[in-house]
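Heads up: the sequence shown begins at 8 in my numbering, then just goes up one per residue.
Ideal Cβ positions, reconstructed from N, Cα and C, are used throughout, including at glycine.
Here is the structure we will look at.
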Amino acid sequence: MKSIFIALFAMFSVHVYAGNESDKIAQAIQSGNTSELAAMFNSSIELLTPGSSGVTTREQARIVLDNFFKNNPPVKATVTHETSGTTNSMLVISLLTKTGTFRISIVGCNKGGSFVINEFKIT
8 MKSIFIALFA MFSVHVYAGN ESDKIAQAIQ SGNTSELAAM FNSSIELLTP GSSGVTTREQ
68 ARIVLDNFFK NNPPVKATVT HETSGTTNSM LVISLLTKTG TFRISIVGCN KGGSFVINEF
128 KIT
């Protein structure tokens, strides 16, 4: 019985943790705050935007996203899907911009007590 309680508590804690991070990420995207996003990026990140793709450094990814948000000013970012696993978590955000709607897929993990983004894909 004790192990069931611990397992349920751990699953709930992971969901709450990911939920808080998803709100923070969605807000940073909605405001076009690439510095806040880049602070959550791993040292190298797989980045896909309509204009570029590949594995880049944290700073290169921030510059690419600055350019994306400059050309597509964000209006509203809404979390549409969220999963939390034992090793990775995934987040899907619908981004409404002044030029159209985009789907953002984010894959990350908990590393040293912080959520770290490994993949950021805008389609």
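Of the listed residues the options, nearest to residue i (C-alpha basis)
{"i": "N95", "options": "C116, L103 and K83", "result": "C116"}
{"i": "E89", "options": "A68, T41, F127 and S112", "result": "S112"}
For residue j and residue i, the rounded distance between their alpha carbons
{"i": "D73", "j": "G39", "result": "8 Å"}
{"i": "P51", "j": "A68", "result": "Note that residue 51 corresponds to Ser in the displayed sequence, not to Pro. Approximately 9 Å, taken between the alpha carbons."}
{"i": "G107", "j": "L54", "result": "20 Å"}
{"i": "R110", "j": "K118", "result": "25 Å"}
Contact set for residue i: own chain, Cβ-Cβ below 6 Å, skip 5 residues either direction
{"i": "A33", "result": "A84, V86 and I100"}
Other residues of its chain near residue i: CB distance less than 7 Å, five sequence neighbours each side excluded
{"i": "N27", "result": "none"}
{"i": "L98", "result": "S29, I32, V86, E89 and I113"}
CB-CB length for residue i against residue j, believed under 8 Å
{"i": "L103", "j": "V82", "result": "5 Å"}
{"i": "F75", "j": "T56", "result": "5 Å"}
Cβ shell of residue i (< 8 Å), same chain only, five flanking positions each side left out
{"i": "I36", "result": "L44, P81, A84, I100, L102 and I111"}
At a cut of 8 Å, does the region 86-104 reach the region 50-68 through at least three beta carbon pairs? no
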